[in-house]
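For reference, the structure is listed below as structure tokens.
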Amino acid sequence: MASVELHPIRPLTRIICGFTLALAACSPEPAPPEVPVATPQIELTIFAPTETPLPTATPQPTATPVPPQPVRLPLSDAIDTLHPFYATSPGARDVLGALFVGCVGQDEQGAPVALGCERVPTAENGDAVFVGEGPDRHLQVTFRIRPDWRWTDGVPVSAQNALFAWQLTMSPESGLRDPLAQRVFSMTALDDRTVVVRFMSAAQARAAAEGALRGEVPFEYFSRLGDYAAYARRERPLAPVNYWAVLRWLPTHLLRDVPPMEQRSSAFAARPIGDGAYEIAEVDEDRILLRPSARSFPLGAPGVAGIEFVAGDPAALVQGDAPFISFNSPVGRASSSDVTAIAFPAGLEQLVLNVDRFPFDDVRVRQAVAHAIDRSALTGSLDSVAPVRSVLPYDPARARALLAEAGWACDAWPCRKAFTDANGATVTRTLEFKLTTTEREPRNTIAQLIQKQLAAVGFGVNIEIVFGLGRASKMFAPYEQGGILLTRNFDAALYQTVAPTALGGQFGCAGIPTRESHDFSKGNASGFCDEAVEQLIAEAEDGERVVSPRARAEALARAEAAIQQAAPFVPLYIPKREVWLRRVAGVRPSLYAPITWNAWEWRAR
């Protein structure tokens, strides 16, 4: 913020000048000699000048100070609970992002950042280590809570709060199923501020799969649900890539007497007490107002008067001059000097190829597609995009060579190839496929550009547009409703997804949706499954390298390169989303956390 230097007004000194009177004397007449003459006395009278009185100025009326206004955000959907372990709606997550901070979070780049804990546990600082040998070897993580960390009612956050939270999550009566918490075998409080988390060893994971694991929480309940089935042949300790996120806490002094089955609808869930820089001031049906906490927040005091979440038309936020944050462009105010926009990465635009469908059951054909697409031409008309690194760069000549190597004759369009069918007869097929995408712009335009680029090397591409957005689109619908991705009923699909920071879910064998297992966590729509790549993914995301940032980055780069080389998908570009602001600074929008994740850093401007 620009600063203005103010100079004090110098006092005006009034100088009053004196007046000098000059007297002229006359020569005296001759006096008679006998009569004495008295010495004449001169009487001097000085008149002080009279100042003309100035008229009294009419006093200006005192301006009534305008109280600072809270930052307004849209309340995007109905909120049925504000319990941090049960809330799932985007609106609730935005509110809770300002109320609850936690131990370790993620910044706008997706990197772990220490908040309520002193540091992120890593191999380098000795807080994340592997202990034991053979099938009993396990990951042990030590978390150290900041000594000045408190709930907004002033009660210190303690190790017991973390143990209580884990035990609640693992209670059958709570109705919760947290895959990360389920991988923990035990949590121990060394003192009021130190928690040691022990993840399952290979032996314990296999026992959990069999329903035979016993410990401080009822693992057998989740075994019956099938949550440990994937570990039946586990040979290495459980070491999730986001191990640092496992420690969560709740205010035990407020919730210990609330039964697990009543947590979601408790009084706390309607007006929770968090560990963040804000607390709830008012809650109405269509409005939630947060104010800065009365206590001192260790990471810094908020620089805004509060945060007001308002339901209804988001366009109403821009009315008046109140500060606001909105993901919708303020129509009519976009060019105003007090309205600015921040662009941030919003996932990955990709072309996914079904490796079980013709013609993409041949890796050379998939690689040819990758080499034939000119990403810079795709994004030339888009303002908010970022480049994507690819190991298969634009090279049409290489694309044609790969097709020739795979036996395709491309002297005519589209390319053609002779195959032997199940009856032994020779049939000729053309190099054609259907590209399925959604109606959201600019995807239709991008699909047509891809169609032209692939035609230049011999592909015939037929475009299919699926109408509807989000879950309302058949592209992303549940399996039972014929969702295109979950049923894998496509040749090639063009859509946007979260940038693959966790490769296993999108390219691991266990991530392939099937008739038996097809929930939304199954993100491997391509059907790609390769033993060598599976090992590389495990090293990057489920091995001993995960606790070392440097070793993990190196392993991740190797896995990403191997996946791109196999070409089950073609990364195109990273679109950017915009968030609009008025009179507020310090906002750091993130794809990995709610917009309020760093609300203590917000400043009025």
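Residue numbers (the working numbering): 127 to 731. All C-beta atoms, glycine included, are put in the ideal place defined by N, C-alpha and C.
By the 16-neighbour rule on beta-carbons within 10 angstroms, leucine 443 is buried. Your pair valine 227 and glycine 242 checks out as a contact, with CB atoms roughly 6 Å apart and the cut at 8 Å. For asparagine 588, the enclosing beta strand (DSSP E) covers residues 586-592. Here arginine 708 is bridged, per DSSP, to Phe450 and Val465. When the beta-carbon positions are compared, leucine 201 and valine 230 stay at least 9 Å from each other. Each residue's CA atom was taken as its position, placing leucine 479 and aspartate 617 some 6 Å apart.
Listed in chain order, the non-local C-beta contacts of alanine 240 below 7 Å within the same chain comprise Val230 and Val246, local neighbours out to five positions each way being set aside. Bridge pairing for proline 694: absent [DSSP]. Distances from the alpha-carbon of arginine 382 to those of Leu373, Val372 and Ala393 put Ala393 closest. Going by C-alpha positions, arginine 729 is about 12 Å away from glutamine 195. Inter-residue distance for threonine 562 and alanine 532 is about 25 Å (C-alpha atoms, whole angstroms). Methionine 387 counts as exposed, since fewer than 16 other C-beta atoms from the protein chains shown sit within 10 angstroms of its C-beta. Excluding its 5 nearest sequence neighbours in each direction, serine 419 has C-beta neighbours in its own chain below 8 Å: Thr278, Gly402, Ala403, Tyr404 and Glu405, listed in chain order. In the structure shown, threonine 314 adopts extended strand secondary structure according to DSSP, grouped into three states. Going by DSSP, threonine 320 is part of the beta strand (DSSP E) stretching over 320-325.
Counting the other Cβ atoms within 10 Å of the Cβ of serine 452 gives 16 or more, which makes it buried.
In this structure, phenylalanine 470 lies near arginine 703, with their beta-carbon atoms less than 9 Å apart. If you look at glutamine 266, you'll find it in the beta strand (DSSP E) that goes 264-270. Under DSSP, glutamine 622 takes part in a beta bridge, and its partners are Glu475. In its chain, beyond the 5 residues on either side, Arg684, Ala685 and Ala688 have a beta carbon closer than 6 Å to the beta carbon of leucine 662. The criterion of a C-beta distance shorter than 9 Å is satisfied by proline 522 and alanine 582. Residue state for alanine 407 is assigned as strand, using DSSP reduced to three classes. In the DSSP annotation of this structure, the continuous segment of the alpha helix (DSSP H) that includes proline 522 starts and ends at 522-531.
In the DSSP assignment, isoleucine 663 falls within the alpha helix (DSSP H) that extends over 657-667. In this chain, the alpha helix (DSSP H) harbouring isoleucine 610 covers 610-613.
Counting along the chain, no alpha helix (DSSP H) covers alanine 240; the unbroken beta strand (DSSP E) around it starts and ends at 238-240.
As a beta-bridge residue in DSSP terms, phenylalanine 256 pairs with Leu265. Distance check between leucine 504 and each of Arg566, Leu575 and Ser391 places Leu575 closest, using alpha-carbon atoms only. For the pair threonine 640 and methionine 601, the CB atoms are not nearer than the 9 Å cut-off. Per DSSP, the continuous beta strand (DSSP E) segment holding arginine 417 begins and ends at 413-418. Annotation for phenylalanine 348: no beta strand (DSSP E) segment contains it, though the alpha helix (DSSP H) segment containing it runs 345-350.
In the three-state scheme derived from DSSP, where H, G and I count as helix and E and B as strand, arginine 566 is classed as coil.
In the three-state reduction of the DSSP assignment, glutamine 232 falls in the strand class.
DSSP, read as helix, strand or coil, puts cysteine 243 in strand. Taking glutamine 286 as reference, the option from Gly280, Asp304, Arg319 and Leu302 with the minimal CA-CA separation is Arg319.
Taking C-alpha positions only, isoleucine 205 is separated from cysteine 635 by approximately 36 Å.
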